[in-house]
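Q:
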Amino acid sequence: MRIALDAMGGDDAPQPNVDGAIAALEQHADLEIALVGDQAVLDGLLNASGYSGERISVVHAEDVVGMDEKPTDAMRKKPNNSIAVSWKLMASKEVDAVVSAGNTGAVVASGLRTRLFLKGVKRPGIAVALPTLKGRSVLMDVGANPAARSEHLFQYGVMGAVYAREVLDIPNPRIGLMNIGSEDSKGNDLYRETHNFLNASSLKDSYIGNIEGRGLYQGDADVLICEGFVGNVVLKVSEGMADFMIKSAAKHVLEALGAEKEAAQAAFGSLAKQFQHNEEGGAPLLGIDGICMICHGSSDSRSILNALKRAISFRNKNLNAQIVAELLANKP
């Protein structure tokens, strides 16, 4: 497998990307990585690392999209940025996957510009796996498509169910629609329309109806679908709340336990791992003819390593072929 890694993407790039790439190559003998970014900088880091393998190369990209830049403007002003060059490599079939911790909007915009969609896909979406009281569930979309239509959300249900089945090992995923209430009349026009759409679609046996926000972590559904604006807000609030709750609880519990601190620290460490993005590595942009893993901007080398491993697993499970088959079998 050959992966294009946006070496310039992320808050602390490029060092974590180079370190994560080398770690992945050491663990996977059949992996090749193209580091996309400033040739001189990346050559210097590779030389300093002492890595002498032949399965890593550098593809020069003269520009970098800043984390705070508007994606559309950056794409126009910096056509040879590391994100766009990575996508071009996949569009020309020179690589099988793209991994980036760069500007998420730019990653999605560049992907959409290539029109590298799977057969039948109207609009790709980002899926994340989140912990619940009953295991894990998929939330989709968390930022790729803030102006979704009912048919897009229907397809997110199909794609999210494949992801839940093949990656989370949930045999018959229950699909829910993220909404402000469980009643049929709840939500704005999009959500009321989508609710009726799903109830009348080929997914009606898997669709369990509207799910309120609190139901996400209760495990009320295995796949929760929403448009990208809502999904991104839910994800960011969840990350912040998890960090606050774990740190706050750990502080008070450790103060009370005294001699039992060591055991408590281990327990809180185990809990925290469920919410840390570096354990998942990255979130897939589902619906792409290829593989795209979008990583957190603060990704460290472990995050990048896990994102590369997740891309390999994605390919090995042949998820794209299964998504196409399910979309053909589940037309609205």
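Those letters in the sequence shown? Residues 1226 to 1557, by our numbering.
Ideal Cβ positions, reconstructed from N, Cα and C, are used throughout, including at glycine.
Quick one: is S1528 buried, meaning 16 or more other Cβ sit within 10 Å of its Cβ, or exposed?
A: On the sequence shown, residue 1528 is found 303 positions in, with the first residue counted as 1. Buried: at least 16 other Cβ atoms inside 10 Å.
Q: Here's a check: name, in chain order, each residue in its chain whose Cβ is nearer than 6 Å to the Cβ of A1532, leaving out the five neighbours to either side.
A: Indexing the sequence shown from 1 puts residue 1532 at position 307. Same-chain partners within the cutoff: V1324, G1506, G1507, M1518, C1520.
Q: Could you give the C-beta distance for V1363 and S1307, rounded to a whole number, given that I count them as a contact under 8 Å?
A: Position 138 of the sequence shown, counted from the start, is the residue given in the question as residue 1363. Position 82 of the sequence shown, counted from the start, is the residue given in the question as residue 1307. The pair is not a contact, with the Cβ atoms about 29 Å apart (cut-off 8 Å).
Q: Bridge partners for H1420 per DSSP, in chain order?
A: Walking along the sequence shown from the start, residue 1420 turns up at place 195. Bridge partners of H1420: none, in fact.
Q: Which two residues bound the contiguous beta strand (DSSP E) that contains Y1432?
A: Mapped onto the sequence shown, residue 1432 falls at position 207. Segment 1432–1436, the beta strand (DSSP E) holding Y1432.
Q: Identify the continuous beta strand (DSSP E) that holds S1362 and give its terminal residues.
A: For the purposes of this step, residue 1362 is taken as the residue at position 137 of the sequence shown. From DSSP, the beta strand (DSSP E) with S1362 extends over 1360–1365.
Q: List the whole-angstrom C-beta distance separating D1468 from P1241, where the pair is believed to meet the contact cut-off of C-beta under 8 Å.
A: Along the sequence shown, one-based indexing puts residue 1468 at 243. Along the sequence shown, one-based indexing puts residue 1241 at 16. So it is not a contact: roughly 20 Å between Cβ atoms.
Q: Can you find at least 3 beta carbon pairs, one from the region 1290–1305 and one from the region 1249–1261, that sit closer than 8 Å?
A: No, the region 1290–1305 is not in contact with the region 1249–1261.
Q: Work out the CA separation of L1267 and V1243 for me, nearest whole Å.
A: In the sequence shown, the residue the question calls residue 1243 occupies position 18. In the sequence shown, the residue the question calls residue 1267 occupies position 42. For V1243 and L1267, the distance between alpha carbons rounds to 8 Å.
Q: Can you tell me the Cβ-Cβ gap for S1375 and E1418, rounded? I've got them flagged as a contact below 8 Å.
A: The sequence position of residue 1375 within the sequence shown is 150, counting from 1. The sequence position of residue 1418 within the sequence shown is 193, counting from 1. With a Cβ gap of about 5 Å, S1375 and E1418 count as contacting.
Q: If I measure Cβ to Cβ from G1245 and keep anything under 6 Å in the same chain, skipping five residues before and after, which residues do I get?
A: Translated into positions along the sequence shown, residue 1245 becomes position 20. Closer than 6 Å at Cβ, skipping near neighbours: S1526, I1529, L1530.
Q: Exposed or buried, which one is E1452 when buried takes at least 16 other CB atoms within 10 Å?
A: Taking the sequence shown and counting its residues from 1, the one referred to as residue 1452 is at position 227. Label assigned to E1452: buried.
Q: Can you name the start and end residues of the beta strand (DSSP E) that D1231 belongs to?
A: In the sequence shown, residue 1231 corresponds to position 6, counting from 1. Note, D1231: beta strand (DSSP E), 1227–1231.
Q: On the criterion of 16 or more Cβ atoms from any shown chain inside 10 Å, does G1406 qualify as buried, or is it exposed?
A: Walking along the sequence shown from the start, residue 1406 turns up at place 181. Classification of G1406: exposed, given that the 10 Å Cβ count is below 16.
Q: Where does G1278 sit, in a helix, a strand or coil, going by DSSP?
A: In the sequence shown, the residue the question calls residue 1278 occupies position 53. G1278: coil per DSSP, three-state reduction.
Q: By a C-beta neighbour count over all protein chains shown, 10 Å radius and 16 as the cutoff for buried, is S1473 buried or exposed?
A: Residue numbering aside, residue 1473 sits at position 248 when the sequence shown is read from its first letter. Counting Cβ neighbours within 10 Å, S1473 comes out exposed, since fewer than 16 surround it.
Q: Please give the ranges of any beta strand (DSSP E) in the region 1232–1320, keeping only runs that are unbroken, at least 3 residues long and fully inside the region.
A: Counting only runs of 3 or more, we get 1257–1262, 1281–1285.
Q: Can you tell which of P1349, L1358, L1355 has the C-alpha that lies nearest to the C-alpha of G1368?
A: Position 143 of the sequence shown holds residue 1368. It is P1349.
Q: Can you look up A1322 in the DSSP assignment and give me helix, strand or coil?
A: As a working note, residue 1322 is residue 97 in the sequence shown. A1322: strand per DSSP, three-state reduction.
Q: Residues in the same chain with beta-carbon distance under 6 Å from L1314, minus the five sequence neighbours each way, listed in chain order, please.
A: Residue numbering aside, residue 1314 sits at position 89 when the sequence shown is read from its first letter. Only A1229, V1320 meet the Cβ criterion.
Q: Could you check the C-alpha separation between K1429 and L1423 for me, to the nearest Å?
A: Along the sequence shown, one-based indexing puts residue 1429 at 204. Along the sequence shown, one-based indexing puts residue 1423 at 198. Roughly 6 Å between the two C-alpha positions.
Q: Roughly how many angstroms separate the alpha carbons of A1386 and P1304, rounded to a whole number?
A: Residue numbering aside, residue 1386 sits at position 161 when the sequence shown is read from its first letter. Residue numbering aside, residue 1304 sits at position 79 when the sequence shown is read from its first letter. Distance between the alpha carbons of A1386 and P1304 is about 35 Å.
Q: Could you name the residues of the same chain whose beta carbon sits closer than 6 Å to that of L1378, not counting the 5 residues immediately before and after it, in chain order?
A: Translated into the one-based positions of the sequence shown, residue 1378 becomes position 153. For L1378, where only same-chain residues beyond five positions count, the Cβ hits under 6 Å are T1419, I1450.
Q: So, at 6 Å on beta carbons, what are the nonlocal neighbours of K1542 in its own chain, with the 5 sequence-adjacent residues on each side left out?
A: For the purposes of this step, residue 1542 is identified with residue 317 of the sequence shown, where counting begins at 1. Once the five neighbours on either side are set aside, the close Cβ partners of K1542 are E1391.
Q: Taking the beta carbon of V1462 as the centre, do at least 16 other beta carbons fall within 10 Å, making it buried, or is it exposed?
A: Reading the sequence shown from its first residue, position 237 is the one you call residue 1462. Under this definition V1462 is an exposed residue.
Q: Helix, strand or coil: how does DSSP classify K1346 here?
A: Stepping through the sequence shown from its first residue, residue 1346 is reached at position 121. First, the residue type needs correcting, since residue 1346 is Val and not Lys in the sequence shown. It is coil, neither helix nor strand.
Q: I think L1441 touches L1358, with their Cβ atoms under 8 Å apart; what is that distance to the nearest whole Å?
A: Residue 1441 sits at position 216 when you count from the first residue of the sequence shown. Residue 1358 sits at position 133 when you count from the first residue of the sequence shown. About 10 Å separates the two Cβ atoms, so there is no contact after all.
Q: For H1502, is the classification buried or exposed, using 16 other Cβ atoms within 10 angstroms of its Cβ as the cut-off for buried?
A: For the purposes of this step, residue 1502 is taken as the residue at position 277 of the sequence shown. No answer about H1502 holds up, because its pLDDT of 49 lies below 50 and its placement is not dependable.
Q: Roughly how many angstroms separate the alpha carbons of G1382 and I1400, rounded to a whole number?
A: Along the sequence shown, read from residue 1 onward, the residue named residue 1382 stands at position 157. Along the sequence shown, read from residue 1 onward, the residue named residue 1400 stands at position 175. So the two alpha carbons sit approximately 6 Å from each other.
Q: Looking only at C-alpha atoms, which of V1333, A1286, E1251, I1247 sits nearest to A1273?
A: Counting from one through the sequence shown, the residue named residue 1273 turns up at place 48. The shortest C-alpha separation from A1273 is found at I1247.
Q: Could you spell out where the alpha helix (DSSP H) holding L1341 opens and where it closes?
A: Reading the sequence shown from its first residue, position 116 is the one you call residue 1341. Element bounds for L1341: n/a, residue is neither H nor E.
Q: Suppose you measure from the CA of L1270 to the CA of Q1264; what does that come to, to the nearest Å?
A: Numbered from its first residue, the sequence shown carries residue 1270 at position 45. Numbered from its first residue, the sequence shown carries residue 1264 at position 39. Approximately 10 Å between the Cα atoms of the pair.
Q: Buried or exposed for R1301, please, with buried defined as at least 16 other CB atoms from any protein chain shown within 10 angstroms of its CB.
A: By 1-based counting over the sequence shown, the position of residue 1301 is 76. By the neighbour-count rule (16 or more Cβ atoms within 10 Å), R1301 is not buried but exposed.
Q: Can you tell me whether G1401 is helix, strand or coil according to DSSP?
A: Sequence index remark: in the sequence shown, residue 1401 carries index 176 (1-based). In the structure shown, G1401 sits in a strand (DSSP, three-state: E or B).
Q: Here's a check: name, in chain order, each residue in its chain whose Cβ is nearer than 7 Å to the Cβ of L1553, leaving out the five neighbours to either side.
A: Sequence index remark: in the sequence shown, residue 1553 carries index 328 (1-based). For L1553, where only same-chain residues beyond five positions count, the Cβ hits under 7 Å are G1345.
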